[in-house]
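Asks: Here it is, the structure in full.
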Amino acid sequence: MDKLTSMKVFAYIVEHGSFRSAAHHFDISPTMAGKHVNFLEQSLGAQLIHRTTRKQSLTEAGKLYYQECHRIIEDISNAEGMVHTLINQPQGTVKVNCPVTYGKKVLAPIVAAFLAQYPSINVELMLDNNLVDPFKIDADVIIRIGDLVDSSLVARALGHYQMTYCAAPSYIEKKGDIDSLEDLSNHSCLGFQYHQGESQQVLNLPSNTFAQNKTRLTSNNGDVLKYAAIQGSGVLLQPKILVEEEVESGLLVEILESSAPQAKPINLLYRSKHLSLKNRTFINFVLDAVSSSD
Numbered sequence: 623m624d625k626l627t628s629m630k631v632f633a634y635i636v637e638h639g640s641f642r643s644a645a646h647h648f649d650i651s652p653t654m655a656g657k658h659v660n661f662l663e664q665s666l667g668a669q670l671i672h673r674t675t676r677k678q679s680l681t682e683a684g685k686l687y688y689q690e691c692h693r694i695i696e697d698i699s700n701a702e703g704m705v706h707t708l709i710n711q712p713q714g715t716v717k718v719n720c721p722v723t724y725g726k727k728v729l730a731p732i733v734a735a736f737l738a739q740y741p742s743i744n745v746e747l748m749l750d751n752n753l754v755d756p757f758k759i760d761a762d763v764i765i766r767i768g769d770l771v772d773s774s775l776v777a778r779a780l781g782h783y784q785m786t787y788c789a790a791p792s793y794i795e796k797k798g799d800i801d802s803l804e805d806l807s808n809h810s811c812l813g814f815q816y817h818q819g820e821s822q823q824v825l826n827l828p829s830n831t832f833a834q835n836k837t838r839l840t841s842n843n844g845d846v847l848k849y850a851a852i853q854g855s856g857v858l859l860q861p862k863i864l865v866e867e868e869v870e871s872g873l874l875v876e877i878l879e880s881s882a883p884q885a886k887p888i889n890l891l892y893r894s895k896h897l898s899l900k901n902r903t904f905i906n907f908v909l910d911a912v913s914s915s916d
C-alpha cells in the first residue's frame, strides 16, 4: 500500500472527522479508508485514532503524526508548484472555502470564468458559514467576512460586506412604517442562524429583536429568509448582494437605511507568502475580477 496515499487519507479523515467523507473524496470505500489508517498504524506500531461506535478522536501519537503528515503533504504541493512555475504551466486543484452568500453571488461567476481561461487548473469550492481554523481546514484559499484576528495569515482585501434591512411592500402596508430600530420590537423579524449559535444580527442592535427566540422564522440560509420576506412574513436583515435584484424589482423595500450595521471587511486569506503557481494564478484572477467590478 502506498504510504503517501495513506497519509493523505489519514490527514483528510482528521480534517473532516469522517472515514466516509474521506472515502468519498478519494473515490474509495469506507473500508479501504480504514485499511489505509490501519496500514499506517501497523507501520508505526502505534494507534493513531480512537474508534468507537459513536465518534472517533486522535491519540497523542495521532496528533503528532497528523502534524507531520500535513507538513509533508504541503511540502510536496509546494514542490510541485515550483516545478509548475519553472515550466510556467499552472495545473492542479485549488481548494477554496467561502461563506455561502458571497460564494453564490460573487465568487461562483468568477470561478466559472477562471475555469474557462485555465483548463489545466481545477477548483474545489466549498461554501460554508461556519467558523474555521485556517491551519486545520483542507483549503488553499479562505474567504471570510469580518475583522481579522489571526495576524499570521496573509490577507488580501476584497471589499466590504454591506447589510440592509428589507421588507415587502405588502408587509409595510399591513404593519405600518418602521422608522427606528426600536420599532422592530413591534414587528415580525426573520433571523439568520449560524451553526455555532446565536444569530449575528443580534450584534450591534439595541434590542434582541433578531434573537432566535424572537423571530418568526430562523434559518441558516439567507435565500429561505428572503423568500419569506417577499411573501410578507416579516423584516429581513441580509447582505445587499442577496436582495439587490428584489429591491430593484420592487419585491422588497429597503428600510432603516441610516441604521444599517457597519459594513464588514471581506478578506481573501492564505497561510504562506510562498504560493504555488496554481494558487497564485487563482488568487490574482479573483483580485483582478473583484477590483474590475467595483
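Sequential numbering of the sequence shown, starting at 623, is according to my numbering.
We put the CB at the ideal spot given by N, CA and C, even for glycine.
Keep in mind it's a predicted model, so treat the numbers as computed, not measured.
State the beta-bridge partners of Glu870 as determined by DSSP.
Replies: Counting from 1 along the sequence shown, the entry for residue 870 is found at position 248. Paired residues: none, contrary to the question.
Asks: Whole-angstrom Cβ separation of Glu876 and Tyr793, contact assumed at under 8 Å?
Replies: Against the sequence shown, residue 876 aligns to sequence position 254. Against the sequence shown, residue 793 aligns to sequence position 171. With 8 Å as the limit, Glu876 and Tyr793 do not qualify as a contact, their Cβ atoms being about 13 Å apart.
Asks: Are at least three pairs of beta-carbons, each pair with one atom in the region 868-883 and one in the region 724-743, less than 8 Å apart?
Replies: With the cut-off at 8 Å, the region 868-883 and the region 724-743 do not touch.
Asks: Can you tell me where the alpha helix (DSSP H) with Lys895 in it begins and where it stops?
Replies: As a working note, residue 895 is residue 273 in the sequence shown. Element bounds for Lys895: n/a, residue is neither H nor E.
Asks: Is Met629 buried or exposed, if buried means 16 or more other CB atoms sit within 10 Å of its CB?
Replies: Along the sequence shown, one-based indexing puts residue 629 at 7. Met629 should be labelled buried.
Asks: When you compare the CB positions of Leu839 and Leu864, do they come within less than 7 Å of one another, or not?
Replies: Mapped onto the sequence shown, residue 839 falls at position 217. Mapped onto the sequence shown, residue 864 falls at position 242. It is not a contact, given that the beta carbons lie outside the stated cut-off.
Asks: What whole-angstrom Cβ distance do Val776 and Leu680 have, given they're in contact under 8 Å?
Replies: The count along the sequence shown starts at 1 and reaches residue 776 at position 154. The count along the sequence shown starts at 1 and reaches residue 680 at position 58. Not really, about 28 Å apart at Cβ, beyond 8 Å.
Asks: Restricting to Cα atoms, I'd like to know which of Leu770, Leu737 and Val722 is closest to Leu749.
Replies: By one-based count along the sequence shown, residue 749 stands at place 127. Taking only the C-alpha atoms, the option nearest Leu749 is Val722.
Asks: Is it the case that the Cβ atoms of Ile694 and Gly684 are separated by a distance below 7 Å?
Replies: For the purposes of this step, residue 694 is taken as residue 72 along the sequence shown, with counting starting at 1. For the purposes of this step, residue 684 is taken as residue 62 along the sequence shown, with counting starting at 1. No, the Cβ-Cβ distance between Ile694 and Gly684 is not below 7 Å.
Asks: When the Cα atoms are used, what is the spatial distance from Ile905 to Val763?
Replies: The count along the sequence shown starts at 1 and reaches residue 905 at position 283. The count along the sequence shown starts at 1 and reaches residue 763 at position 141. Approximately 8 Å between the Cα atoms of the pair.
Asks: Identify whether Asn719 lies in helix, strand or coil by the three-state DSSP scheme.
Replies: Walking along the sequence shown from the start, residue 719 turns up at place 97. Reduced to three states, the DSSP call for Asn719 is strand.
Asks: May I have the straight-line CA-CA distance separating Ser699 from His638, to the nearest angstrom?
Replies: What you label residue 699 is simply residue 77 of the sequence shown in a count that begins at 1. What you label residue 638 is simply residue 16 of the sequence shown in a count that begins at 1. Each residue's alpha carbon lies about 20 Å from the other.
Asks: For Ala850, which of Ser810, Lys862 and Ser643 has the nearest alpha-carbon?
Replies: By one-based count along the sequence shown, residue 850 stands at place 228. Closest option to Ala850, Cα to Cα, is Ser810.
Asks: Throw me the rounded Cβ distance for the Tyr783 and Lys886 pair, which I believe falls under 8 Å.
Replies: As a working note, residue 783 is residue 161 in the sequence shown. As a working note, residue 886 is residue 264 in the sequence shown. Contact holds; Cβ gap of about 5 Å.
Asks: Quick check: what's the CA-CA separation for Val908 versus Ile759?
Replies: Reading the sequence shown from its first residue, position 286 is the one you call residue 908. Reading the sequence shown from its first residue, position 137 is the one you call residue 759. Straight-line Cα distance between these residues: approximately 21 Å.
Asks: Let me check understanding here. Comparing Cα to Cα, which of Ile635, Ser640, Ser643 and Val659 lies closest to Pro623?
Replies: To locate residue 623, count along the sequence shown from 1; it is residue 1. A small correction: the amino acid at residue 623 is Met; Pro does not occupy that position in the sequence shown. Cα-wise, what sits closest to Met623 is Val659.
Asks: If we ignore side chains and look at the alpha-carbon of each, how far apart do Ser898 and Glu702 end up?
Replies: Taking the first residue of the sequence shown as 1, we reach residue 898 at position 276. Taking the first residue of the sequence shown as 1, we reach residue 702 at position 80. Spanning the two alpha carbons is a distance of roughly 8 Å.
Asks: Could you check what DSSP says for Lys886 in three-state terms: helix, strand or coil?
Replies: By 1-based counting over the sequence shown, the position of residue 886 is 264. Note: Lys886 maps to strand in three-state DSSP.
Asks: What are the uninterrupted segments assigned as beta strand (DSSP E) that are 3 or more residues long and contained completely in the region 627-690, given in chain order?
Replies: Segments of the beta strand (DSSP E) lying fully in the region 627-690: 671-673 and 678-680.
Asks: Using 8 Å for Cβ pairs, my map puts Leu753 next to Val745. What's the rounded Cβ distance?
Replies: Within the sequence shown, residue 753 is the residue found at index 131, counting from 1. Within the sequence shown, residue 745 is the residue found at index 123, counting from 1. 23 Å between Cβ atoms; not a contact.
Asks: Apply the 10 Å Cβ neighbour rule to Lys796 and answer buried if 16 or more other Cβ atoms are within range, or exposed otherwise.
Replies: Position 174 of the sequence shown, counted from the first residue, corresponds to residue 796. That one is exposed.
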